[in-house]
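**Q** Chains as they are written, first to last, in the numbering used here: chain A, 4 to 114; chain B, 4 to 114.
Even for Gly, the Cβ is constructed at its ideal location relative to N, Cα and C.
Keep in mind it's a predicted model, so treat the numbers as computed, not measured.
Submitted below is the structure of interest, expressed as structure tokens.
Protein chains: 2
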Amino acid sequence: MLRYIERAGLVGPGRSPSGYRLYGAAELQRLRTLRELLERHEVGLSELSFAARMRHDAELRGATERWFEEEPARPEHVPAADWLSWEQSKHERLLTAVVPPYTQVQVPEKA
Amino acid sequence: MLRYIERAGLVGPGRSPSGYRLYGAAELQRLRTLRELLERHEVGLSELSFAARMRHDAELRGATERWFEEEPARPEHVPAADWLSWEQSKHERLLTAVVPPYTQVQVPEKA
DNA sequence: TTAACCTTGACACGATCGTGGTAAGGTTGA
DNA sequence: TCAACCTTACCACGATCGTGTCAAGGTTAA
């Protein structure tokens, strides 16, 4: 478990010259507060691990930030005029939205 | 899947008066960039969901921040003097560290 | 009215997470 | 030297994640 937490990027203890992990009082405290954090907020280790990743990996942090920023999922939608022409490609919607990330949305011209 | 993503707090579409989900071009774009973000950085939905939680829940965000801040897992350890007296409670170490969050570390006095 | 959509809820199922156990071998104090 | 620790690597196993499908019922345009 300790190795697991270590690999997750949280609470990595130092090593003795021969490779033994050295857990001091600081690390113990760290582990306890970690536990508390996880349980009190219903958070998984992998999620905190992700938070740790973001603190080191600026690339990832930036991309995530940007995604949340760029379009707050506007609740204001197409005003029933666009809705109609949009209505015709229901199947394509689902498919293109979910399955292949880069598929273009092809709305077939309906005569 | 779309409902799953919606429950995760990412890409929640608006609703028609009768409850239908309305996916517009904006949402489609959102879903695609979401996919790209997930795949390009080896991130899971639950992890991004956690990021979303942090942006809304100031409590959680604060607690997490604080944890990462407070003790960067110092590599400098007890200087071999403390190490000895500490050595005697190896089993307790593991147990108290991992198992019950609030257990006190009881170092038994060794005569 | 009816067919073709949508909704929620439930179940299925492989993949990963969280947590433990081994087994094989290196360090170290007695 | 030797017993008691540690290390890594691997396997197991329930819980959750990610994804899909089905059933029962509501909306809506024809």
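1) Taking its Cβ as the centre, do 16 or more other Cβ atoms sit within 10 Å of B/Y26, making it buried, or is it exposed?
2) Quick check on the DSSP output: the alpha helix (DSSP H) that includes A/S49 runs from which residue to which?
3) Between A/E74 and chain B, is there a C-beta pair that is closer than 8 angstroms?
4) Suppose the cutoff is 7 angstroms on Cβ atoms and the five residues either side in sequence are ignored; what does the same chain contact list for A/L34 look like?
5) Which residues share a DSSP beta bridge with B/G144?
6) Are three or more beta carbon pairs between the region 57-69 of chain A and the region 56-70 of chain B nearer than 8 angstroms?
7) Would A/H59 pass as an interface residue toward chain B - the criterion being a Cβ-Cβ separation below 8 angstroms?
8) Chain A beta carbons: is any one of them nearer than 8 angstroms to that of B/L40?
9) Any Cβ of chain B within less than 8 angstroms of the Cβ of A/A11?
10) Pair every Cβ in the region 29-49 of chain B with every Cβ in the region 65-75 of chain B, then say whether three or more of these pairs are closer than 8 angstroms.
11) Considering only residues of the same chain and omitting the five flanking positions on each side of A/L51, which have a CB-CB separation below 8 angstroms?
12) Going along chain B in order, which residues have a C-beta closer than 8 angstroms to the C-beta of A/S21?
13) Between B/R64 and the rest of its own chain, which residues show a CB-CB distance below 7 angstroms, the 5 nearest in sequence each way excluded?
**A** With the given structure in hand:
1) One-based indexing of the second sequence puts residue 26 of chain B at position 23. Counting Cβ neighbours within 10 Å, B/Y26 comes out buried, since at least 16 surround it.
2) Walking along the first sequence from the start, residue 49 of chain A turns up at place 46. From DSSP, the alpha helix (DSSP H) with A/S49 extends over L48 to H59.
3) Walking along the first sequence from the start, residue 74 of chain A turns up at place 71. With 8 angstroms as the cut-off, A/E74 counts as an interface residue toward chain B.
4) Within the first sequence, numbered from 1, the residue matching residue 34 of chain A stands at position 31. V14.
5) Given that chain B is displayed from residue 4 to residue 114, the structure contains no residue 144 of chain B and the question cannot be resolved.
6) Under the three-pair Cβ rule at 8 angstroms, the region 57-69 of chain A does not count as touching the region 56-70 of chain B.
7) Residue numbering aside, residue 59 of chain A sits at position 56 when the first sequence is read from its first letter. Interface annotation, A/H59: not in contact with chain B, CB-CB separation never under 8 angstroms.
8) Reading the second sequence from its first residue, position 37 is the one you call residue 40 of chain B. Yes - at least one Cβ of chain A is within 8 angstroms of the one on B/L40.
9) Start at 1 with the first residue of the first sequence, and residue 11 of chain A comes out as number 8. No, A/A11 lies away from the interface with chain B (no Cβ there is under 8 angstroms from its Cβ).
10) Using a Cβ-Cβ distance cut-off of 8 angstroms, the region 29-49 of chain B and the region 65-75 of chain B are not in contact, since fewer than three pairs of beta carbons, one from each stretch, lie closer than that value.
11) As a first step, residue 51 of chain A is located in the first sequence; it is residue number 48 there, counting from the start. Hits under 8 angstroms: A11, L13, L37, L40 and L41.
12) Translated into the one-based positions of the first sequence, residue 21 of chain A becomes position 18. Result: empty, since nearest Cβ-Cβ is about 14 angstroms, beyond 8 angstroms.
13) The residue you call residue 64 of chain B lines up with position 61 of the second sequence. Correct list, in chain order: M57.
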